[in-house]
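Asks:
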Ligand SMILES: Nc1ncnc2c1ncn2[C@@H]1O[C@H](COP(=O)(O)OP(=O)(O)OP(=O)(O)O)[C@@H](O)[C@H]1O
Ligand SMILES: [Mg+2]
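Encoded structure:
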């Protein structure tokens, strides 16, 4: 759906993006990760033509964006940024409706869309629609920023560190909301972060950038199992790799049939192996009872099951 073909962008003769080629399939969450200044934001801004390529081609659904009108292209793409960029003198509802207004949607459709999005992001319409950005907490403002990016029902969502300024708990809940929303609406999302844990949690595939180039483009599990070079290894944090991989794997994938009396302590089947390991360490036990959503005992997780089994 999105293809970059040998794309470069120079600033004053220096390449911020240096000959990158990339294909992002529709419905993916592609997360671009890398250290500060490696060209992540520049890559996003090339995609929505906030800046132009110095060389190379970008195609969306096979169409070269160089031939497309920048304003119209941007209306097809949601764009959420770290400091949210909300207009301070407009209400939340007005801020969210910017793109639908530009698209000349009928008033009733705009109102219904604002209502729907506020509810989707856990901001009740009655409480938030008429507030101004200065009356929101940072996390609420970021939710409004995400709602605004989704408002015109774009196929593509560009998100540049949208949760960057948040505390870990709010950040975790917004990440979960993004995954929940994505499981319902299937956008193509290009998400920039410098947080590798955020990348591992959200991504279908991760693009690791270093000095304007792509060093690796792979699934989270492959990245952990086969880092392309020392830079990717250091980004993953060598000592933490085992735990990071365990957090990508579900208890349900490793549990064994239940035999005899279930163990005293339980873990949910959809929890991660990392959570299971933590429970074992906390309770000082070597096995857990696995329970489904209804609380039924459905399996057994011995500590040995964490050591064996498929790594895919
Ligand atoms: N408008 C500009 N004019 C000149 N140089 C720029 C411009 N925009 C970006 N750069 C340079 O291009 C390089 C890449 O910048 P970019 O903003 O893409 O980095 P980034 O990966 O998003 O970093 P961060 O994690 O800090 O946001 C940097 O060296 C930056 O100084
Ligand atoms: Mg940036």
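Numbering (the numbering used here), first residue to last: 1 to 312.
We put the CB at the ideal spot given by N, CA and C, even for glycine.
If you measure from the CB of residue 38, is any heavy atom of ligand 1 nearer than 7 Å?
Replies: Checking every heavy atom of ligand 1 against the Cβ of residue 38, one is found closer than 7 Å.
Asks: Near residue 58, what residues of its chain come up, given a Cβ to Cβ distance below 8 Å and the 5 sequence neighbours on each side ignored?
Replies: Excluding sequence neighbours, residue 58 sits near 2, 3, 4, 5, 7, 46, 47, 64, 65, 66.
Asks: Can you tell me which of the three DSSP states residue 312 falls into?
Replies: Reliability of the predicted coordinates at residue 312 is poor, the pLDDT of 40 falling under 50, and the value obtained from them is presented with this limitation in mind. The answer is coil: DSSP assigns residue 312 none of H, G, I, E or B.
Asks: Let's test the definition: count the other Cβ atoms within 10 Å of the Cβ of residue 160 and tell me whether it reaches 16, buried, or not, exposed.
Replies: Buried.
Asks: What are the boundary residues of the beta strand (DSSP E) that includes residue 334?
Replies: For the chain, the structure presents residues 1 to 312; residue 334 sits outside this window and is missing.
Asks: Let's see if you can read the secondary structure: which residues bound the alpha helix (DSSP H) around residue 263?
Replies: Residue 263 -> no alpha helix (DSSP H), and no H or E assigned at all.
Asks: What are the boundary residues of the alpha helix (DSSP H) that includes residue 47?
Replies: Unbroken alpha helix (DSSP H) run through residue 47: 40-47.
Asks: Of the choices 189, 250, 247, whose alpha-carbon is the least far from that of residue 24?
Replies: Among 189, 250, 247, the Cα nearest to that of residue 24 is on 189.
Asks: Does the region 218-227 come close enough to the region 235-242 that 3 or more CB-CB pairs lie under 8 Å?
Replies: Result yes; three or more Cβ-Cβ pairs closer than 8 Å.
Asks: Is it buried or exposed for residue 169, if we count other Cβ within 10 angstroms and need 16 for buried?
Replies: Answer is exposed; the Cβ neighbour count stays below 16.
Asks: Counting pairs of beta carbons, one from the region 236-255 and one from the region 195-211, are three or more of them closer than 8 Å?
Replies: Verdict: yes, contact present.
Asks: Compare the C-alpha of residue 150 against each of 120, 124, 125 and name the closest.
Replies: It is 120.
Asks: Quick one: using the 10 Å Cβ neighbour count with 16 as the cut-off for buried, is residue 216 buried or exposed?
Replies: That one is buried.
Asks: What residue range is occupied by the uninterrupted beta strand (DSSP E) comprising residue 188?
Replies: Counting along the chain, the beta strand (DSSP E) containing residue 188 begins and ends at 188-193.
Asks: Within 10 angstroms of the Cβ of residue 259, are there 16 or more other Cβ atoms? Answer buried if so, exposed if not.
Replies: Residue 259 should be labelled exposed.
Asks: Counting Cβ pairs, one atom from each stretch, are 3 or more of them under 8 Å apart for the region 259-277 and the region 285-297?
Replies: The region 259-277 is in contact with the region 285-297.
Asks: Can you tell me where the beta strand (DSSP E) holding residue 6 begins and where it ends?
Replies: Segment 2-11, the beta strand (DSSP E) holding residue 6.
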